[in-house]
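In our numbering, the protein residues as written are 20 to 294.
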């Protein structure tokens, strides 16, 4: 906007001698003055919704002011911690609504010690990884547990069935039936499928119990129970008094462990397994 500058000094004209032609105010002079006034007035800001140019200034209100007073960039900046470079002007220049909106920035541009989020709902964010202190998951089933997989992901495992436990196959976790002696197991007569000298492996996924009854039909001989290559029990006779007798022994066979009978000369066996 421009200021009005008078081009004709009318007071000087008044001081001229009568008859001096310069003492007369001409229509051209009056017209030039009015044109200058019109230009100055026309380029001034209106009081209603003015469009200001340059860097208009205003007094800076104190922090905490909440009125219709104009907010300068200094006022806005004082209320925002660590604004971005593009919005960091901190002067008495008037702050537009665009400046205020831009100064808010994103959480990434805020001081990590001065961001407080309360209420509302946060949506559309990327799941925070375990390495960054998150869970890596955006949903979680009620009563489930979160199991870490590496450093950047987790899995949610539901309990599935009452009494279940978490088990691992070496890579993943799952909710499975509790594996222990007597749980969902029955005694089975496996005599017809078991032979002395043959190695068997417990691959049921649970520990089993083996009960073997050795009936002595000869006067001498020794039979061993071998578990994972170790002789953990034996049936032995040295005289005729043991002929016709039966000896029974039971063993717990963990999952994945091998077991067998060694020997058995002069014996007859009955073999039962709780599995």
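Note that beta-carbon positions come from the ideal geometry of N, C-alpha and C, so glycine has one too.
Computed from a prediction, not measured in an experiment: that's the story for all the values here.
Item	Value
Rounded separation between residue 66 and residue 34 - CA only	40 Å
Neighbourhood of residue 90 by C-beta distance below 6 Å, restricted to the same chain and skipping five residues each side	114
Assigned secondary structure, residue 250 (DSSP; H/G/I helix, E/B strand, else coil)	strand
Distance, residue 97 Cα to residue 69 Cα	26 Å
Backbone CA spacing between residue 58 and residue 39 [nearest angstrom]	31 Å
Beta-carbon proximity list for residue 56, same chain, < 6 Å, skipping 5 on both sides	23
Inter-residue spacing [alpha-carbon to alpha-carbon] between residue 48 and residue 31	14 Å
Closest Cα partner of residue 262 within the set 235, 51, 255	235
Reduced DSSP secondary structure (H/G/I, E/B, other) of residue 229	strand
Residue span of the alpha helix (DSSP H) that contains residue 56, given as start and end	46–61
Residue 254 classed as buried or exposed, judged by whether at least 16 other C-beta atoms fall within 10 angstroms	buried
With 16 other Cβ atoms within 10 Å as the buried cut-off, status of residue 278	buried
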